[in-house]
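Number of protein chains: 2
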Amino acid sequence: MHHPDLDAIRTAAARIAPHAHVTPVLRSGSLDRLAGCELFFKSEHLQRIGAFKFRGACNAVMSLDDATAARGVVTQSSGNHGAAIALACRIRGIPATVVVPHSAARIKLAAIRDFGARVVPCEVAQADRTRVTARVLAEQGGELIHPFDDARVIAGQATATLELLQHTPDLDVLVAPVSGGGLLSGTALAGKALRPQIEIVGAEPEGARDAHDSLAQRRLIVDQPADTICDGLRAHLSERTFDIISRHVAAIELASEAQIVAAMRLLWERLKQAVEPSAAVALAAILRAPERFRGRRVGVILSGGNVDLDRLPW
Amino acid sequence: MHHPDLDAIRTAAARIAPHAHVTPVLRSGSLDRLAGCELFFKSEHLQRIGAFKFRGACNAVMSLDDATAARGVVTQSSGNHGAAIALACRIRGIPATVVVPHSAARIKLAAIRDFGARVVPCEVAQADRTRVTARVLAEQGGELIHPFDDARVIAGQATATLELLQHTPDLDVLVAPVSGGGLLSGTALAGKALRPQIEIVGAEPEGARDAHDSLAQRRLIVDQPADTICDGLRAHLSERTFDIISRHVAAIELASEAQIVAAMRLLWERLKQAVEPSAAVALAAILRAPERFRGRRVGVILSGGNVDLDRLPW
């Protein structure tokens, strides 16, 4: 399988540059002391639509030829990718359809609608998402842009790490949440291409540990039910992302629900950043496995900040 | 009265540089559209101790001669200035005593203690704060560093605007919250010195509108009771800050409690920044008086982010 190389990632960066934000890298002395390492938070919750997902969606939508683009884009998403596709299509002036499971966070569903996409509801199970997406494609046509099983999307997500390593070149480790593996794959490809000695670590909720178990058992597990507060981390890997992660990722560290909520609260109180639970899993994993990170310079992808302020988990 | 000039502000910036953060300037397309102007948020909630107050306190503490410093520092504060003095004194290795009213936010009181300062409680009324502070000074000696009625403190607060205008030189307006007036005075002195045509606007809760009324009546009002969620905005001006503000500030715009809470929520949801109510009053005032700001480039000082996540106002 052909994975995006550094050229593809740099092309993606140039393609999205007119539309995406260069997000800041934030630091906190008190979190550094707590974690026993130097933390550099790449703040993708400050990206457009409030999540890194805009990078991959924008790269994919902007790389379509005009004839393909005119037929519109179809995707499935539990939230942030859907909003990202909706915004990228609005910028390009083409129609977007997003298949969204009933379990999606209210605030993310509202964003998809606000950006003018058509929303098609489906059940939570991956099989139903796939079935409904296939039906929509059969009925209306259009280009499928999968939330993570897509080289254009992975190249886009990789641009966050490109920026992070331009800002702070001498990192020892990169930590990113893993769900379908698009962000972690992009992080790994960009990180290893720019700095071969860097260590790549995934962070995953215990309640959705399919990537962890897939890596441990060296086979792709797609039938584990997910049960976690992290509404962005309930997907499982694809063959493509499993292949990238198997090659480049040193470990996937787990965190419990209580550890994720505690880390989220720390990020709000100490870093003053309103991040969503799916973003907090990275810090939770670092605090749970301090020996891996002690004394090192650690880049952390804060993946998103779309959280319902009326339903905070504390 | 002698007020800090540009030289004094630049000296303060150099003095605090080894200790203070250069805070980022954050932007949000959706807030720009909502406000009808271009907003540049100088993010002082990301300053050390989570508030701009560290600038003034650090400048004052670091400018003491060794003999004076050795006798320690005494101050009165409802919170952030107390934590700032405590941290600055810890860095310098000298004792700090902070007189704190019972009404102080729990999280701010904890920070003062965590930084190793002695806490002396007092009643909420300004007269009692002053009385207890005078008693502490009489008993133990030490240097009084007032939270705002102090040229060293004002010069320190002014460094936030120095950085903001270095980052974004072509602003039309600067908006800062006003309580005792240290931040607004510093903002005005730096803003007018660097860019004489800039307009300076204060933002104040309706429930603590003494600065607004002082400006309107051209006399210093110190006997209005304050009733607002903004625990950092309950002080009144001093002769010194009233003089600076009378010379340089175009207007003080008011905001209701509901408008402040709504603006705080917008800053959390759209800018993803966990700011305290006292910081949100600036955006609330902008949204309440859109005609003043329409189409202009507006610098906004987000003054602090110390908020109790268990007591959010929505």
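Taken in sequence, the protein lines are chains A and B.
Going by full-length UniProt numbering, the first residue of the first sequence is number 1, and it counts up by one from there.
Going by full-length UniProt numbering, the first residue of the second sequence is number 1, and it counts up by one from there.
Where is the CB? At the ideal position from N, CA and C, for every residue including glycine.
In DSSP terms, what residue i is bridged to
i: A/L202; result: Note that residue 202 of chain A is Gly in the sequence shown, not Leu. According to DSSP, which records beta bridges pairwise, A/G202 is partnered with A/A176 and A/I252.
i: A/G186; result: DSSP lists no partner for A/G186.
i: A/S77; result: Looking at the DSSP assignment, A/S77 forms no beta bridge with any residue, so it has no partner.
i: A/Q273; result: B/Q273
i: A/V300; result: A/F41 and A/V175
i: residue 327 of chain A; result: There is no way to answer for residue 327 of chain A, as the model of chain A reaches only from 1 to 314.
i: B/L26; result: B/F41
i: A/V119; result: A/V98
i: A/A51; result: A/G304
Residue i at chain A interface by Cβ criterion, 9 Å
i: B/P24; result: yes
i: B/V275; result: yes
i: B/D310; result: yes
i: B/R113; result: no
i: B/R48; result: yes
i: B/R265; result: yes
Of the residues the options, the one placed nearest residue i, counting alpha carbons only
i: B/T97; options: B/M62, B/D66 and B/R135; result: B/R135
i: B/G56; options: B/L267, B/A13 and B/Q157; result: B/Q157
i: A/A110; options: A/W314, A/N306, A/P313 and A/L312; result: A/N306
i: B/I286; options: B/K272, B/A274, B/E269 and B/M264; result: B/M264
i: B/M1; options: B/R240, B/L164, B/I16 and B/I112; result: B/R240
i: A/H21; options: A/L267, A/R131 and A/F52; result: A/F52
i: B/D243; options: B/A235, B/E139, B/R294 and B/R218; result: B/R218
i: B/V281; options: B/V201, B/T161 and B/H167; result: B/V201
i: B/R33; options: B/R296, B/A83, B/A251 and B/V120; result: B/R296
i: B/G232; options: B/D213, B/A262 and B/L302; result: B/L302
i: A/G142; options: A/E269, A/I16, A/V275 and A/A69; result: A/A69
i: A/G29; options: A/D128, A/L267 and A/A60; result: A/L267
i: A/D150; options: A/E257, A/E44, A/C89 and A/C58; result: A/C58
i: B/L137; options: B/V99, B/D114 and B/C89; result: B/V99
i: A/D66; options: A/I85, A/H81, A/F54 and A/C89; result: A/C89
i: B/V275; options: B/S256, B/P313, B/R294 and B/A60; result: B/P313
i: A/K272; options: B/P24, B/A13, B/D7 and B/A8; result: B/P24
i: B/A160; options: B/L309, B/E44, B/N80 and B/R294; result: B/E44
i: B/H102; options: B/R247, B/I85 and B/Q126; result: B/Q126
i: B/E257; options: B/R106, B/E204, B/D172 and B/P169; result: B/E204
i: B/F293; options: B/C37, B/R131 and B/A13; result: B/C37
i: B/T130; options: B/S238, B/A12 and B/R247; result: B/S238
i: B/R106; options: B/G79, B/D213 and B/L171; result: B/G79
C-beta contact flag for residue i and residue j at 9 Å
i: A/G116; j: A/V153; result: no
i: B/A155; j: B/P4; result: yes
i: A/P277; j: A/A35; result: no
i: B/I260; j: B/A284; result: yes
i: B/E199; j: B/L254; result: no
i: B/L46; j: B/L39; result: no
i: A/I299; j: A/L174; result: Here residue 299 of chain A is Gly; the residue named in the question, Ile, does not match the sequence. Going by C-beta atoms, A/G299 is nearer than 9 Å to A/L174.
i: B/E163; j: B/K42; result: yes
i: A/V73; j: A/L64; result: yes
i: A/P147; j: A/S77; result: yes
i: residue 317 of chain B; j: B/A188; result: Look at the range of chain B in this structure, 1 to 314, and you will see that residue 317 of chain B is not part of it.
i: A/V120; j: A/L184; result: no
i: B/I62; j: B/R10; result: Just to set this straight, residue 62 of chain B is Met in the shown sequence, not Ile. Going by C-beta atoms, B/M62 is not nearer than 9 Å to B/R10.
i: B/I112; j: B/A60; result: no
i: B/H236; j: B/G180; result: yes
i: A/G50; j: A/A83; result: yes
i: B/E139; j: A/L309; result: no
Closer than 9 Å to chain B by CB, residue i
i: A/K272; result: yes
i: A/E269; result: yes
i: A/I94; result: no
i: A/H45; result: yes
i: A/I107; result: yes
i: A/G29; result: yes
i: A/G305; result: yes
*Does the pairing of the region 227–237 of chain B with the region 186–201 of chain B give three or more beta-carbon distances under 8 Å?*
no
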